[in-house]
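My numbering numbers the first residue of the sequence shown as 230 and each following residue consecutively.
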Amino acid sequence: MRYLITILAILGSMSCFGQSIRGVVLNKINNQPVENALVRTHKSSVISSSMGAFTLNNVLEGDTVRVSCLGYKPTLIKVKSAGSGPVTILLEPQSLMLKDVQVNRERNFKQDSIRNREENAAGFDYKSPGLKDMFITRSPYPDKNPEPVPTISTGSLLSVNLLSIAGIFFPASDPKAKFKKTLLANEEQNYALQRFNEKKVSQLTGLKSDSLKVFMDRYRPSVNGLKTMSDYDVLAYIKKCYAEFAWKK
């Protein structure tokens, strides 16, 4: 009798700690493995391998397992027996393409950029002064020719352009140069916001509020990095980062 009680106690403790379930996550359409799928209960979580395989520990009978992956509709399964054989989980794909409103906004961004460059052409086209701009050639006869003359002759005088000198040796103090720098910085910032923004990330990942802000701050790519990415690359980057973010979370 004592042995029976001991065995029952051991079995009871095992059920309290839970068991493991093994399985594979597949694409419901083509039965291809789904990599980086998040498989989790309220106690534990795991990411599927490149072959879609996973082993989830600390699972109790009756637990609900949630399976999610960027680009797929999440699904829930009820654990009937944690000690049963491998399970196959089929995820239904959902479109990762940008919606029409997003595509239109991209086109408007390009139009806005062109319009901005046209309206601020003088600022964008500004070139910092060079050594040749340090001097102004003037005629020695101001009454006859008060305007600067383009060439130096034996009858010409040279005067110094103090503003050009300041622009050459102190470029940071040149208001026109600073204005151009501001225009270029704003243009790059707008480009980055169009390619990688909270609305797009939230639509793809479901993240909101503080979690979304943390994700944006942690995984925001550089402007130069975004310039090398296609639209598909940006979506793939968000997918990869979200899988890592969900795992660490």
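Beta carbons are placed, not taken as given, at the ideal position from N, Cα and C, and that holds for glycine.
None of the values given here were measured: they were computed from a predicted structure.
{"query": "Under the three-state DSSP convention, the category residue 258 falls into", "result": "coil"}
{"query": "Residues near residue 275 by beta carbon distance below 6 angstroms, same chain, minus five either side", "result": "268, 283 and 285"}
{"query": "Own chain residues within Cβ distance below 6 angstroms of residue 496, not counting five before or after", "result": "With the chain running from 230 to 478 in the structure shown, residue 496 is simply not present."}
{"query": "Residue 310, DSSP secondary structure in three states", "result": "coil"}
{"query": "Per-residue DSSP class, three states only, for residue 286", "result": "strand"}
{"query": "For residue 333, the three-state DSSP class (helix, strand or coil)", "result": "Here residue 333 scores only 46 on pLDDT, less than 50, and its place in the model should not be relied on; the value that follows carries that caveat. Reduced to three states, the DSSP call for residue 333 is helix."}
{"query": "Cβ neighbour criterion (16 or more within 10 Å) applied to residue 291", "result": "exposed"}
{"query": "Cβ distance (whole Å) where residue 293 is taken to contact residue 255 below 8 angstroms", "result": "Going by Cβ atoms, the distance from residue 293 to residue 255 rounds to 20 angstroms, so no, they are not a contact pair."}
{"query": "Own chain partners of residue 469 with C-beta closer than 8 angstroms, once the 5 adjacent residues on each side are dropped", "result": "265"}
{"query": "Where residue 387 falls, given that 16 or more other Cβ within 10 Å makes a residue buried", "result": "Annotation note: pLDDT 47 at residue 387 (below 50); position unreliable, no value reported."}
{"query": "Member of 452, 299 and 272 whose CA lies at the smallest distance from the CA of residue 248", "result": "272"}
{"query": "Backbone secondary structure at residue 455 - three-state DSSP", "result": "helix"}
{"query": "Nearest-angstrom Cα separation, counted from residue 319 out to residue 309", "result": "17 angstroms"}
{"query": "For residue 460, the nearest candidate out of 342, 473, 413 and 424 (CA to CA)", "result": "424"}
{"query": "Collapsed DSSP secondary structure at residue 296 in the structure displayed", "result": "strand"}
{"query": "Contact the stretch 406 to 426 vs the stretch 434 to 442: 3+ CB pairs below 8 angstroms", "result": "no"}
{"query": "Residue 455 versus residue 411: straight-line alpha-carbon distance, rounded", "result": "20 angstroms"}
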